[in-house]
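Report on the following structure.
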């Protein structure tokens, strides 16, 4: 049976590789002409013949409702919990629950890491390339950033994990002394899905890259049991990302909290496709965890709970991942088409998570969402949204959103937020800076939004301690 399974797996891998080549050749055919077109047609005919020999089907045509070459991956069982070491408290990483509200599931806690403590609930800004845009590490510390999110995918593309390791890891490279969390790279890789696919629909947490790009750059090439292959947006080179290589890269980056590789299907997929995706993510996360446990390096690893908006799959994902020795839990995948569906899902999901370990909601962190999420028991939230909208002149305040490019702020000499001290400049001054395209406007606005989000989370922490929320 084992030999038959291995043979079947090898066949599936070969079929997926051929399908990937057919997809790429079909795309080239669209823009080819003359002799080049004839050559591509001949190449495509050869690939279709190879596909027919492998599968017995006449030809392969990409299904519009299927995302990538992962379509034939099955529901192979993930490794049993008994094959892993039992979880035990880490000396270097510990979650302390300070108080649980009597009014809701909200809780105030402290996550202890090798680079300092994180008071929860906590907002986590995203420093994609190892830096918050327009905000340096010293300014981030002064703004009260407790935990910063960095993206493994972008750091793999440039400067490369080896360069960061030579610098002494991300903390030394960035000159940041406080905690850092890195993702697996999967979110960005799966955002490289075809622009012309109609699989994606309305989704609260969109991963789709909407801008036009050269089809030879930044492409997801294949998804197999082994992992993913994608084309670098920087130089077009092919990069393979597997559960093992993702963890090895994160070891070199040296973050305090790391994330295993997972797959991210969009909102509108069939139940069967979603179930296969969850199964694949579980197998990948188990491999990631084995690699991590072999060389912990004082890092904590969070599992990523999947299942889209399907409650049975979410419950099954929690049940399996909670049986493995992960140090915390992230909530990933599609959270629904809008905020109402997200909150409905999380109201169901949060009580299923182990209460003795920290949790993190991936990719959602605006003020309104934060105030709705914390009472559900969410500990930390990340998003690039507060700094991204700041660079466009949109500032978050206790009085609502201010769009400082509007002319009504030209002679408004009030503080940005009279109730929340942030940057010591008036609305009129920032309006002037934005209208004159002064780069410092981007920094001041970004720092303000970070400080506002930190103030909001600190306020909610106090309310939790007082059983007010």
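Residue numbers (our numbering): 91 to 559. Every residue gets a Cβ at the ideal spot worked out from N, C-alpha and C, and that includes glycine. These numbers were taken from a predicted model, which means no experiment stands behind them.
Q) What residue range is occupied by the uninterrupted beta strand (DSSP E) comprising residue 201? A) Counting along the chain, the beta strand (DSSP E) containing residue 201 begins and ends at 197-203.
Q) Excluding the five sequence neighbours on either side, which residues of its own chain have a C-beta within less than 7 Å of the C-beta of residue 546, listed in chain order? A) Once the five neighbours on either side are set aside, the close Cβ partners of residue 546 are 457, 460.
Q: Confirm, please, whether the CB-CB distance from residue 343 to residue 245 is below 8 Å.
A: Yes, they are a contact pair.
**Q.** Separation of residue 479 from residue 453, as counted between CA atoms
**A.** C-alpha separation (whole angstroms): 15 Å.
Q. In terms of alpha-carbon separation, which member of 499, 475, 488, 523 lies closest to residue 508?
A. Taking only the C-alpha atoms, the option nearest residue 508 is 488.
(Q) Quick check: residue 417 and residue 361, are their CB atoms within less than 8 Å of each other? (A) Going by C-beta atoms, residue 417 is not nearer than 8 Å to residue 361.
Q. Which residues share a DSSP beta bridge with residue 210?
A. When beta bridges are read from the DSSP output, residue 210 appears opposite 199.
Q: Would you grab the beta carbon distance between residue 316 and residue 332 for me? Rounded to a whole angstrom, and I think it's under 8 Å.
A: In this structure residue 316 is in contact with residue 332, their Cβ atoms being roughly 6 Å apart against a cut-off of 8 Å.
Q) Between the beta-carbon of residue 449 and the beta-carbon of residue 469, is there less than 8 Å? A) The answer is yes: Cβ separation under 8 Å.
Q: Consult DSSP for residue 117 and reduce its assignment to one of helix, strand or coil.
A: DSSP places residue 117 in helix when its eight states are reduced to three.
Q) Quick one: Cα of residue 183 to Cα of residue 392, how far? A) A direct Cα-Cα distance of roughly 12 Å separates residue 183 from residue 392.
Q) Which word fits residue 206, buried or exposed, when buried means at least 16 other C-beta atoms lie within 10 angstroms of its C-beta? A) Exposed, because fewer than 16 other Cβ atoms sit within 10 Å of the Cβ of residue 206.
Q: Count the other CB atoms, across all protein chains shown, that sit within 10 Å of the CB of residue 254; report buried if there are 16 or more and exposed otherwise.
A: Buried: at least 16 other Cβ atoms inside 10 Å.
**Q.** residue 527 vs residue 485 beta-carbon contact at 8 Å
**A.** Not a contact, by the Cβ cut-off of 8 Å.
(Q) Which residue wins for smallest C-alpha separation from residue 544, given the options 171, 514, 477? (A) Comparing alpha carbon positions, the residue from 171, 514, 477 closest to residue 544 is 477.
Q.
If distances are taken between C-alpha atoms only, which option among 196, 381, 467, 203 comes closest to residue 558?
A. Put simply, of 196, 381, 467, 203 the residue whose alpha carbon is nearest the alpha carbon of residue 558 is 196.
(Q) Tell me the DSSP secondary structure of residue 359 in three-state form. (A) In the three-state reduction of the DSSP assignment, residue 359 falls in the coil class, being assigned neither a helical nor a strand state.
Q. DSSP on residue 416, reduced to helix/strand/coil?
A. The three-state secondary structure of residue 416, taken from DSSP, is coil.
Q | residue 158, buried or exposed, once every other Cβ within 10 Å from all chains shown has been counted against 16 | A | Here residue 158 scores only 41 on pLDDT, less than 50, and its place in the model is too uncertain to base an answer on.
**Q.** Pairwise C-alpha distance: residue 334 and residue 473
**A.** Between residue 473 and residue 334, the C-alpha separation is close to 26 Å.
Q: Taking only the alpha-carbon atoms, compute the straight-line gap between residue 462 and residue 177 and give it to the nearest angstrom.
A: Taking the straight line joining both Cα atoms gives about 31 Å.
Q. Between residue 217 and the rest of its own chain, which residues show a CB-CB distance below 6 Å, the 5 nearest in sequence each way excluded?
A. Cβ-Cβ distances below 6 Å link residue 217 to 238, 240 in the same chain, with the five nearest sequence neighbours on each side left out; the list follows chain order.
Q: State buried or exposed for residue 280, treating a residue as buried only when at least 16 other CB atoms are found within 10 Å of its CB.
A: With 16 or more other CB atoms across the displayed protein chains lying within 10 angstroms of its CB, residue 280 is buried.
Q) From residue 109 to residue 375, what distance separates their C-alpha atoms? A) Taking C-alpha positions only, residue 109 is separated from residue 375 by approximately 25 Å.
**Q.** Three-state secondary structure (DSSP) of residue 539
**A.** Helix, per DSSP.
Q | Rounded straight-line distance, which links the Cα of residue 505 to that of residue 523 | A | Answer to the nearest angstrom: the Cα atoms are 15 Å apart.
Q. From 517, 372, 261, 512, pick the residue whose C-alpha is nearest to that of residue 396; which is it?
A. For the residues 517, 372, 261, 512, the minimum Cα distance to residue 396 belongs to 372.
(Q) Between which residues of its own chain and residue 302 is the CB-CB distance below 7 Å, once the five residues before and five after are set aside? (A) Low confidence applies here, because residue 302 scores a pLDDT of 47, under 50, leaving its location unreliable; read the following figure in that light. Within the same chain, residue 302 has no close Cβ partners at all.
Q. Under 8 Å, do residue 364 and residue 247 count as touching if we go by C-beta distance?
A. Taking 8 Å as the cut-off, the Cβ atoms of residue 364 and residue 247 do not count as close.
**Q.** Distance between residue 120 and residue 305 (C-alpha atoms, nearest Å)
**A.** Note that residue 305 scores a pLDDT of 45, beneath 50, so its modelled location is shaky; the value from the coordinates is reported in the next line. About 11 Å.
**Q.** Buried or exposed by the 16-neighbour rule on C-beta atoms within 10 Å, applied to residue 514
**A.** Exposed.
Q.
Based on DSSP bridge pairs, tell me the residues matched to residue 490.
A. Looking at the DSSP output, residue 490 bridges to 487.
Q: Verify whether the separation of the beta carbon atoms of residue 126 and residue 138 is less than 8 Å.
A: Using a Cβ distance threshold of 8 Å, residue 126 and residue 138 do not count as a contacting pair.
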